[in-house]
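Novice: Quick one: structure below, then a few questions.
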Amino acid sequence: MTDEHPRSFRDPNVVARRRALLSSPHMGPLVELTKELRAEGRGTVPDFDPADAGVNARILFLMEKPGPMTDDLALVGRVGSGFISRDNDDPTAEAIFHFMQQAGISRQESILWNTVPWWNGSRRIEAAELRDGLDRVGKLAELLPNLRVVVCVDGKAQRAARFIEGLGLSFVPSAHPSPINRAARPAVWQAIPDQWAQARAFI
Numbered sequence: 001m002t003d004e005h006p007r008s009f010r011d012p013n014v015v016a017r018r019r020a021l022l023s024s025p026h027m028g029p030l031v032e033l034t035k036e037l038r039a040e041g042r043g044t045v046p047d048f049d050p051a052d053a054g055v056n057a058r059i060l061f062l063m064e065k066p067g068p069m070t071d072d073l074a075l076v077g078r079v080g081s082g083f084i085s086r087d088n089d090d091p092t093a094e095a096i097f098h099f100m101q102q103a104g105i106s107r108q109e110s111i112l113w114n115t116v117p118w119w120n121g122s123r124r125i126e127a128a129e130l131r132d133g134l135d136r137v138g139k140l141a142e143l144l145p146n147l148r149v150v151v152c153v154d155g156k157a158q159r160a161a162r163f164i165e166g167l168g169l170s171f172v173p174s175a176h177p178s179p180i181n182r183a184a185r186p187a188v189w190q191a192i193p194d195q196w197a198q199a200r201a202f203i
């Protein structure tokens with residue numbers, strides 16, 4: 001299995017190769033940011049995927065909160081990759097992989113992150129978590145000199161709209177590419193690539 005297919009992180013050799021790339025120059029400031037976030041002791045913090053644009057990103061896809069398959073410490077009984085990545089072995093990541101291709105957005109111009117950067121074993125997001133997460137999004141934006149637009153995926157992330165616009169960045173709202181949306185709101189789910197493609201107008 002190569003890195004060019006969805007769910008490639010089901011192969012531990014692919015994950016190991018990707019981890020070796022964290023020392024690449026385009027990743028340095030982002031690696032330091034994740035170290036700082038982990039030192040806060042609020043939960044596990046996945047690494048940015050070094051196959052993506054790193055500090056050269058022009059488009060930031062901002063999800064809500066890390067899921068269990070970003071976690072390599074098995075807090076919930078499953079061992080994930082330790083990355084926030086479109087290559088993770090779960091259906092949401094697989095949808096992201098395909099939707100990025102359909103939207104015409106390359107890895108070399110985009111990165112993925114979360115409004116709340118810590119995974120603490122719960123998908124629930126408290127108000128204080130969201131507030132503190134937005135502060136960390138501001139720190140991330142300072143590390144991305146080419147950033148032009150943020151795609152906020154789903155409700156909690158979309159609460160960041162005013163904050164993002166206050167940073168001088170463009171904002172694109174999007175539904176979440178989750179299996180729940182695919183089952184309950186198929187038309188909304190199918191429209192996601194078109195929503196993401198709107199980001200290209202700002203870069």
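Sequential numbering of the sequence shown, starting at 1, is according to the working numbering.
A virtual CB, placed ideally from N, CA and C, is assigned to each residue, including glycine.
In the DSSP assignment, find the unbroken alpha helix (DSSP H) run with PHE163 in it and report its ends.
Specialist: Its alpha helix (DSSP H) spans residues 161-166.
Novice: Quick one, which of LEU60, ALA175, ASP52 and GLY67 has its alpha-carbon nearest PRO46's?
Specialist: Of the listed residues, the one whose Cα sits closest to PRO46 is GLY67.
Novice: Using the rule of at least 16 other Cβ atoms within 10 Å of the residue's Cβ for burial, across every protein chain shown, is GLY80 buried or exposed?
Specialist: By the 10 Å Cβ count, GLY80 comes out buried.
Novice: Is the beta carbon of PRO145 closer than 8 Å to that of LEU37?
Specialist: Cβ atoms of LEU37 and PRO145: not closer than 8 Å.
Novice: On the DSSP letters alone, give me the boundaries of the alpha helix (DSSP H) that PRO91 sits inside.
Specialist: Counting along the chain, the alpha helix (DSSP H) containing PRO91 begins and ends at 91-103.
Novice: What does the Cβ neighbour count give for HIS176, buried or exposed, with the cut at 16 atoms within 10 Å?
Specialist: Flag for HIS176 reads buried.
Novice: Thinking C-alpha only, which one of THR34, GLY82, MET100 and PRO29 is nearest HIS5?
Specialist: Considering only alpha carbons, the answer is MET100.
Novice: The alpha helix (DSSP H) that contains VAL15, what's its start and end?
Specialist: Where VAL15 is concerned, the enclosing alpha helix (DSSP H) stretches over 12-20.
Novice: Determine the direct distance from the alpha carbon of THR34 to that of GLY104, and round the result to whole angstroms.
Specialist: Rounded to whole angstroms, GLY104 to THR34 spans 28 Å at the Cα level.
Novice: Quick check: the Cα distance between ALA128 and LEU22, rounded to an integer number of angstroms?
Specialist: Their backbone Cα atoms lie some 30 Å apart in a straight line.
Novice: For GLN205, which residues from the same chain have a beta carbon less than 6 Å from its beta carbon, with the 5 sequence-adjacent residues on both sides left out?
Specialist: With the chain represented from 1 up to 203, any question about residue 205 goes unanswered, as that position is not in the structure.
Novice: Are three or more beta carbon pairs between the region 183-194 and the region 156-170 nearer than 8 Å?
Specialist: Verdict: no, contact absent.
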